[in-house]
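Residue numbering for the sequence shown is -2 to 148, as defined by my numbering.
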Amino acid sequence: MTDQLTEEADVMTNDVRITTKIALVVRADLQDWQKLNLTAFLASGVAASAPDAIGRDYADADGTRYTPMFGEPVMVYAADPAKLTRTLNRALSRDVVATVFTMELFGTPHDAANRAAVAAHPRDSLDLAGLAVRADRKTVDKIVDGLRLHP
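The structure is reproduced here in structure tokens:
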């Protein structure tokens, strides 16, 4: 326990500079349940592809352990379908691999069906419901430039 407290104290006293950022872009005209559902799936894609984005475990004052979360900023933006496509193209032109969620995925029953639904369409024909990117902060800012934060 002493090692954990020392480690936590070190983190609190160090000037930690976070160089990366996560952006989730959600189609603005979706129903609330759809927005929440795809946001969770998009975040899971970032977490799976970037284990270094995950912070350390949490614990309350009683010592109860909680799972870690992202250790960097996560911003959620709203966009229409055209801006979603533009955002995806901006990410890809900067060699940033995106997590995508298409409208079809709201009706698929499992992960294999999700992948098949995306694979059935060329990139320019994807009916995007949302996407996520993680990269250097400045790169993410360029990718989402012109989008507004989700209300």
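Each residue gets a CB set at the ideal place from its N, CA and C atoms; glycine is no exception.
Which of helix, strand or coil DSSP assigns to Ile140: Looking at Ile140 - three-state DSSP - the assignment turns out to be helix.
Identify whether Thr82 lies in helix, strand or coil by the three-state DSSP scheme. Annotated three-state conformation of Thr82 is helix, per DSSP.
Taking Cβ positions, are Leu128 and Phe98 nearer each other than 9 Å? yes
Every unbroken beta strand (DSSP E) inside the region 80 to 119 [3 residues or more]: Fully enclosed beta strand (DSSP E) runs of 3 or longer: 96 to 99.
How many Å lie between Asp57 and Phe67 at the Cα? Computed Cα separation, rounded: 18 Å.
So Thr36 is in the beta strand (DSSP E); what residue range does that whole segment cover? Premise fails: Thr36 lies in the alpha helix (DSSP H), Asp29 to Ser46, not in any beta strand (DSSP E).
Which residue wins for smallest C-alpha separation from Leu89, given the options Arg53, Asp121 and Asp108? Asp121
Could you compute how far the alpha carbon of Asp7 sits from the alpha carbon of Thr61? With a pLDDT of 40 at Asp7, under the threshold of 50, the modelled position of that residue is not reliable, and the figure given next carries that caveat. Taking the CA atoms as reference points, Asp7 sits about 21 Å from Thr61.
Could you check what DSSP says for Ala50 in three-state terms: helix, strand or coil? helix
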